[in-house]
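Q:
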Amino acid sequence: MAHKLVDSYREKGARKKLVELLRDRGIADEKVLKAIGKVPRHYFFDETFWTQAYKDIAFPIGDGQTISQPYTVAYQTELLHIKLGDKVLEIGTGSGYQTCILLELGAKVYTIERQENLYKRTSQVLPHIGYHAEFFFGDGSKGIAEFAPYDKIIVTAGAPLVPEIMLKQLKIGGILVIPVGDENSQKMITVLRVSEKDYERISLDTFRFVPLVGEKAW
Ligand code: SAH
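Letter by letter, the sequence shown follows residues 1 to 218 of our numbering.
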């Protein structure tokens, strides 16, 4: 984490290029691209690595975790169709970069992380750089029943299956986006809750996430 919050023409320029790159790679939602263009991703990196911050790559952020690839963040965010004021549950806070993108889109975000160091660090860093979410420490594979139902749920770690308990925490018309597969590769799955009992599931592209570890996961 950078301690000096400097966002100069150099970083802003690099961010613009990243937005154009993501557009070329198929991200079409202008609101999502605008959010990527706003969040200072270099704040999530040690200053030594600022030159890496606007490449379309995942990067180690300490505590054995990585900040997700911008393309992946944009891809999942696009699928959520965030509307102003949406109540969103994010499972796997990690660096908090995805959280910031959701906040830029006007969502109210509840985010949970199972690694205590990461939880502590991110729940301090985000308010420091101007992003305010509700942070939780614990196993998010069960969702967070206490604050359900949610308009949207995003899982940023790879699950072996879609946890039933998460589906129950969606509002009617709500969307869950979750990568599902084995340890090596996962398909991006979106589930729309069409009624109390009915869900529509779509399977999309292949990704590689760190595993979702917990009671309803690995
Ligand atoms: N969204 C993050 C990327 C997170 S990587 C970003 O934008 O950078 C996935 C995160 O999920 C890791 O930090 C991992 O510790 C966390 N995780 C894995 N299983 C979890 C669980 N059951 N509950 C909450 N967090 C979990």
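Glycine residues also receive a C-beta, built at the ideal position from the N, C-alpha and C atoms.
List the endpoints of the continuous beta strand (DSSP E) containing Y199.
A: Y199 to F207
Q: To the nearest angstrom, how far is the alpha carbon of G92 from that of R15?
A: 24 Å
Q: Secondary structure at A157, three-state DSSP: helix, strand or coil?
A: coil
Q: What does the Cβ neighbour count give for A157, buried or exposed, with the cut at 16 atoms within 10 Å?
A: buried
Q: Would you say S123 touches ligand 3, meaning its beta carbon is less than 6 Å from a heavy atom?
A: In terms of ligand content, the structure shown lacks ligand 3 and carries ligand 1 instead.
Q: Which same chain residues end up closer than 6 Å to V88 when comparing Cβ atoms and leaving out the 5 residues on each side of it in sequence?
A: Within the same chain, V88 has close Cβ partners L102, A107, V109 and K152.
Q: Check whether the Cβ of I27 sits closer than 6 Å to any heavy atom of ligand 1, and report yes or no.
A: no
Q: Just checking, does the region 135-150 make contact with the region 162-177 on the three C-beta pairs under 8 Å criterion?
A: A contact between stretches requires three or more CB pairs, one per stretch, nearer than 8 Å, and the region 135-150 meets this requirement with the region 162-177.
Q: Note down, in chain order, each residue of its chain lying with its Cβ closer than 6 Å to the Cβ of R193, except the 5 sequence neighbours on either side.
A: L170, I172, G174 and Y199
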